[in-house]
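Chemist: Can you keep this structure in mind? I'll have questions shortly.
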Amino acid sequence: MAEKNKKMKKILMVGNPNVGKSALFNRLTGGEAIVSNYPGTTVDYTKGEFASGGVFYEVTDVPGTYSLEPRDGAEEVAVSILEKEKGEVVMIVLDATRVERGLYLALEVIERGYPAIIALNMIDEAHDKEISVSAGELQRLLGVPVVATSAVSGEGIKDLAMMVRKACVTDISRIKAALEGGNEDPAPSGCGGCTGCGGC
Ligand SMILES: Nc1nc2c(ncn2[C@@H]2O[C@H](COP(=O)(O)OP(=O)(O)OP(=O)(O)O)[C@@H](O)[C@H]2O)c(=O)[nH]1
Ligand SMILES: [Mg+2]
Numbered sequence: 003m004a005e006k007n008k009k010m011k012k013i014l015m016v017g018n019p020n021v022g023k024s025a026l027f028n029r030l031t032g033g034e035a036i037v038s039n040y041p042g043t044t045v046d047y048t049k050g051e052f053a054s055g056g057v058f059y060e061v062t063d064v065p066g067t068y069s070l071e072p073r074d075g076a077e078e079v080a081v082s083i084l085e086k087e088k089g090e091v092v093m094i095v096l097d098a099t100r101v102e103r104g105l106y107l108a109l110e111v112i113e114r115g116y117p118a119i120i121a122l123n124m125i126d127e128a129h130d131k132e133i134s135v136s137a138g139e140l141q142r143l144l145g146v147p148v149v150a151t152s153a154v155s156g157e158g159i160k161d162l163a164m165m166v167r168k169a170c171v172t173d174i175s176r177i178k179a180a181l182e183g184g185n186e187d188p189a190p191s192g193c194g195g196c197t198g199c200g201g202c
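In this note's numbering, the protein residues as written are 3 to 202.
As structure tokens, this is what we get:
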């Protein structure tokens with residue numbers, strides 16, 4: 003764990019169940035973690051720390067959820083953690099073999115104005131299955147940094163840790179226009195200086 007009293011930036015790691023959040027969390031933090039029971043529930047969540055580029059981060063492995071409209075106890079905890087930590091950086095974890103499934107949650111998080119970064123995890127499996135998925139294209143479309151990762155091989159983990167500082171807020175209406183086939187590139191607002199999202 004990092005030294006006590008060190009000023010740490012918070013990261014909330016969210017995503018659908020089974021996309022590799024905990025595996026990524028372990029890669030980022032080295033596995034050192036504190037497991038807590040969320041008050042008033044039987045749901046556990048985990049916190050850990052890591053440092054990158056001279057910045058210390060506290061990362062929370064938020065229980066998996068399909069949306070921000072909770073349908074069970076674990077999803078309720080996920081939404082409560084996000085609401086409590088409004089404004090903190092959200093690391094959205096997507097499964098690269100089924101990106102469309104996670105996009106709904108990603109757009110909800112972006113729409114609520116969290117500075118966001120996306121880990122396009124399970125990229126190894128996407129390659130094995132010859133699924134064509136492009137971190138660059140997703141980044142262009144969504145206007146937040148997107149880093150391809152494999153929590154199994156370790157691919158992209160260092161880049162992900164370095165790119166957290168570039169997490170940014172984007173304008174959902176521009177993303178919607180782009181998704182609907184318009185040519186408008188998303189223009190991030192309140193951006194943290196992302197070099198890859200075409201407008202920071
Ligand atoms: N091939 C591959 N497998 C992965 C990767 N990341 C995680 N996995 C595997 O995917 C499964 C789910 O990983 P978890 O880290 O438990 O997923 P999670 O998102 O934390 O799941 P919940 O906590 O249930 O929401 C495990 O069997 C992992 O070993 C990856 O990048 N590549
Ligand atoms: Mg997990």
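Backbone N, C-alpha and C fix where the C-beta goes; we use that ideal spot for every residue, glycine too.
Alpha helix (DSSP H) containing V79: first to last residue?
Modeler: G75 to K86
Chemist: For a test of your reading of the model: does the CB of S24 fall under 7 Å from any non-hydrogen atom of ligand 2? Yes or no.
Modeler: yes
Chemist: Using a Cβ-Cβ cutoff of less than 8 Å, which residues in the same chain neighbour G195 once the five nearest sequence positions on both sides are dropped?
Modeler: At G195, the pLDDT of 45 sits below 50, so the modelled position is not reliable and the matter cannot be decided from this model.
Chemist: Taking L162 and V149 to be in contact with their CB atoms under 8 Å, please state how far apart those CB atoms are, rounded to whole angstroms.
Modeler: 5 Å
Chemist: What residues in its chain sit with their C-beta under 8 Å from that of T197, if we drop five residues either side in the sequence?
Modeler: With a pLDDT of only 46 at T197, under the threshold of 50, the placement of this residue in the model should not be trusted, and no figure is reported.
Chemist: Would you kindly work out how many angstroms separate the C-alpha atoms of L14 and E60, rounded to a whole number?
Modeler: Spanning the two alpha carbons is a distance of roughly 9 Å.
Chemist: Who pairs with E34 in a beta bridge, going by DSSP?
Modeler: E34 is not bridged to any residue.
Chemist: Closest by CA to K12, which one among G33, E90 and D63?
Modeler: E90
Chemist: Determine the closest residue to G33 out of G55, D63 and T43, with distance taken between C-alpha atoms.
Modeler: Of the listed residues, the one whose Cα sits closest to G33 is D63.
Chemist: Could you tell me if the beta carbon of D74 falls within a distance shorter than 7 Å of some heavy atom in ligand 3?
Modeler: No copy of ligand 3 occurs in the structure displayed; its ligands are ligand 1 and ligand 2 alone.
Chemist: Based on Cα-Cα distance, which residue from E182, Y47 and G22 lies nearest to G156?
Modeler: G22
Chemist: Please name the residue or residues paired with M15 in a DSSP beta bridge.
Modeler: Within the DSSP bridge table, the entry for M15 names D63 and M93 as partners.
Chemist: Would you give the residue range spanned by the beta strand (DSSP E) that Y116 belongs to?
Modeler: Premise fails: Y116 is in no beta strand (DSSP E) and is neither H nor E.
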